[in-house]
Amino acid sequence: DETSALHFACQKGNTIIARRLLAKGAKVNAKTRKGVTPLMMAAQRGELSLVELLLKKKADPLARSNKGDTALDVAKTDVYDSIKEACDKAKGDKREAGKGG
Numbered sequence: 032d033e034t035s036a037l038h039f040a041c042q043k044g045n046t047i048i049a050r051r052l053l054a055k056g057a058k059v060n061a062k063t064r065k066g067v068t069p070l071m072m073a074a075q076r077g078e079l080s081l082v083e084l085l086l087k088k089k090a091d092p093l094a095r096s097n098k099g100d101t102a103l104d105v106a107k108t109d110v111y112d113s114i115k116e117a118c119d120k121a122k123g124d125k126r127e128a129g130k131g132g
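Sequential numbering of the sequence shown, starting at 32, is according to the numbering used here.
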């Protein structure tokens, strides 16, 4: 799968390990077979400190996966939209609970 240790650290949201790997020469723009970069994985998790670290180390924010997605595209669809959906659901649940009382 060509997933690097840096990919795994970003997938788990582990900034400390990512920092150590980068200090040891990990390739910040490495891609998996699907074209996914560590930055995309960090963005997908919503790990702002990790995203900032990777960008500081020259991660390419315009890199595209095989699907054509950038880190920002993945963050918007997999993090922000999910959060919005969860909030909307919570609002609906709260309204339903208020009707029962």
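We put the beta carbon where it would ideally sit given N, CA and C, even for glycine.
Bear in mind the structure is a predicted one, so any value in this text is a computation, not a measurement.
- Give the DSSP-derived three-state secondary structure of Glu140 in the structure shown. Residue coverage of the chain in this structure runs from 32 to 132, which leaves residue 140 outside it and unanswerable.
- Query: Where does Asp91 fall in DSSP's three states?
  - Reply: Three-state result, Asp91: coil.
- Just curious, the alpha helix (DSSP H) that Ala102 is in, first and last residue? Element bounds for Ala102: Ala102 to Ala106.
- Item | Local conformation of Arg64 per DSSP, three classes | Here Arg64 sits in coil by DSSP.
- Can you tell me whether Asp100 is buried or exposed, with buried defined as 16 or more other CB within 10 angstroms of its CB? Its Cβ being crowded by 16 or more others within 10 Å, Asp100 is buried.
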